[in-house]
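The next block holds one structure in the form of structure tokens; read it before the comments.
Residue numbers (the working numbering), protein chains in the order written: chain A, 110 to 381; chain B, 78 to 218.
Below, the structure is given as structure tokens:
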């Protein structure tokens, strides 16, 4: 696939949607994939879908079934057009590869491609404008308030911080880091036995991240128009999602229910 | 005796029907690493930084990169290692008692060549440790 790199937007636009899909999947199987080429392919595919929405086959994924079940067929209605923005943002979750094609699961809905292998889950972050909707963060947990305040200082005002944690968890770790492409906050809460940790990457430029995972199938939970991927990494449950230019992650060695409940608490003020 | 061999052959054939192909996929789940990103960042026409950003699933005694190899290519296909940075020589590559670490090394290359970095991420807790091999996308100077 080395000759992919000489393909131009014009030549890609001449290809059928099926050929574009195949080229994209082939590129994703390269290690490392050419990110610029992947973005170019996605951009052409996105334009193609915007011009002529296509049917998406739901067979291969429980995530898609869940999505259909929760929202009905077609684009779900969202307040403030957030879903449209989220879709347009084309949060791209890529699995890059080095594993056999048979292990690749892939999805593509409304320009959002999700794929993963038995061992890797990769997130290619979009840059998108902020949501204008007003959001009020309310928590009784001083540690969560501290996390929220830290993010506000970085300019993050979107709902990304849980407003709830189980009893007994205290903030024991908080680290802020800056790189040329992002600001980053990592925090951890512990109760003496278990931990619940968060990671927020606030991107200035697009960069991709890989998450380690085991063979457990990736699950997708939609809340407030945002798709949250639930990954298992040995004894850790990990939730990963993208809101605007923020890559968010909650990971815990507690039960999955704790993770999901923390996730839901993010959107409590948004009617979820 | 002939009947015995025939039975063995039948058993072998039948057992082969139940063989499930096993692919040699590298498993990357670990008790150490959560996520990482690696990339090159151009700081001038001939200078760039090789960055890594690694997160652990819990507090680590040591976390970062044990080695960064800067590689160069004239065609984007055949690569030669130009310089190797190790944690022993560059203390900023490793952070102690942390869940997250981001750092970089700076390199001056030659215009017209492609560059990439092969980065060995490293985590240590107690007597155990783990490595995660990542390669950046290539960049032409």
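From the three backbone atoms N, C-alpha and C, an ideal C-beta is built for every residue, glycine too.
Asked: Rounded Cβ spacing between residue 306(A) and residue 137(B) (contact assumed at less than 8 Å); Found: About 13 Å separates the two Cβ atoms, so there is no contact after all.
Asked: Beta carbon proximity, residue 370(A) to chain B, threshold 9 Å; Found: no
Asked: Bridge partners - residue 217(B), DSSP secondary structure assignment; Found: 191(B)
Asked: DSSP three-state assignment for residue 146(A), whether helix, strand or coil; Found: helix
Asked: Nearest neighbour of residue 187(B), chosen from 123(B), 141(B), 161(B) and 118(B) [CA to CA]; Found: 123(B)
Asked: Proximity of residue 205(B) and residue 108(B) at Cβ, strictly below 9 Å; Found: yes
Asked: Segment contact flag, the stretch 335 to 353 of chain A with the stretch 307 to 327 of chain A, C-beta cutoff 8 Å, min 3 pairs; Found: yes
Asked: 9 Å Cβ cutoff met for residue 117(B) and residue 192(B); Found: yes
Asked: Residue 374(A) versus residue 272(A) - alpha carbon distance; Found: 5 Å
Asked: Helix, strand or coil at residue 132(A) according to DSSP, with G and I counted as helix; Found: helix
Asked: Close-in-space but distant-in-sequence residues of the same chain around residue 313(A) (CB under 7 Å, 5 per side omitted); Found: 290 and 291
Asked: Collapsed DSSP secondary structure at residue 211(B) in the structure displayed; Found: strand
Asked: Inter-residue Cα distance where the pair is residue 166(B) and residue 135(B); Found: 26 Å
Asked: Minimum Cβ-Cβ distance from residue 358(A) to chain B less than 9 Å; Found: yes
Asked: Local conformation of residue 164(B) per DSSP, three classes; Found: coil
Asked: Listed by chain order, chain B residues near residue 316(A) by CB distance under 7 Å; Found: 114 and 116
Asked: Residues, ordered as in the chain, of the stretch 271 to 287 of chain A that lie near chain B by beta-carbon distance below 9 Å; Found: 281, 282, 284, 286 and 287
Asked: Length of the line joining the Cα atoms of residue 366(A) and residue 347(A); Found: 12 Å
Asked: Cβ-Cβ distance between residue 114(B) and residue 125(B) below 9 Å; Found: no
Asked: Local conformation of residue 245(A) per DSSP, three classes; Found: coil
Asked: Alpha-carbon spacing of residue 152(B) relative to residue 254(A), whole angstroms; Found: 52 Å
Asked: Own chain residues within Cβ distance below 6 Å of residue 145(B), not counting five before or after; Found: 127, 162, 182, 194 and 196
Asked: Inter-residue CB distance, residue 76(A) and residue 259(A) (contact presumed, cutoff 8 Å); Found: The requested residue 76(A) is not part of the displayed model; chain A covers only 110 to 381.
Asked: Nearest-angstrom Cα separation, counted from residue 376(A) out to residue 353(A); Found: 15 Å
Asked: Interface partners of residue 134(B) on chain A, CB under 7 Å; Found: 342, 345 and 360
Asked: Reference residue 279(A), options 369(A), 301(A) and 344(A), closest by Cα; Found: 301(A)
Asked: Local conformation of residue 109(B) per DSSP, three classes; Found: coil
Asked: Counterpart residues of residue 346(A) in DSSP-defined beta bridges; Found: 341(A) and 361(A)
Asked: Cutoff 6 Å; reference residue 256(A); Cβ partners in own chain excluding five residues on either side; Found: 270 and 296
Asked: Local conformation of residue 322(A) per DSSP, three classes; Found: coil
Asked: Given residue 203(B) as reference, the closest of 169(B), 174(B) and 214(B) once Cα atoms are compared; Found: 174(B)
Asked: Residues that residue 144(B) bridges to, as DSSP identifies them; Found: 163(B) and 197(B)
Asked: Residues that residue 336(A) contacts on chain B, provided the C-beta gap is smaller than 8 Å; Found: Those within 8 Å of residue 336(A) in chain B number zero; the least Cβ separation is about 17 Å.
Asked: Residue 176(B): contacting residues in chain A (beta-carbon distance under 8 Å); Found: 282, 284, 295, 297 and 306
Asked: Chain B contact for residue 122(A) (CB, 9 Å cutoff); Found: no
Asked: Local Cβ density within 10 Å of residue 127(A), reported as buried at 16 or more and exposed below that; Found: exposed
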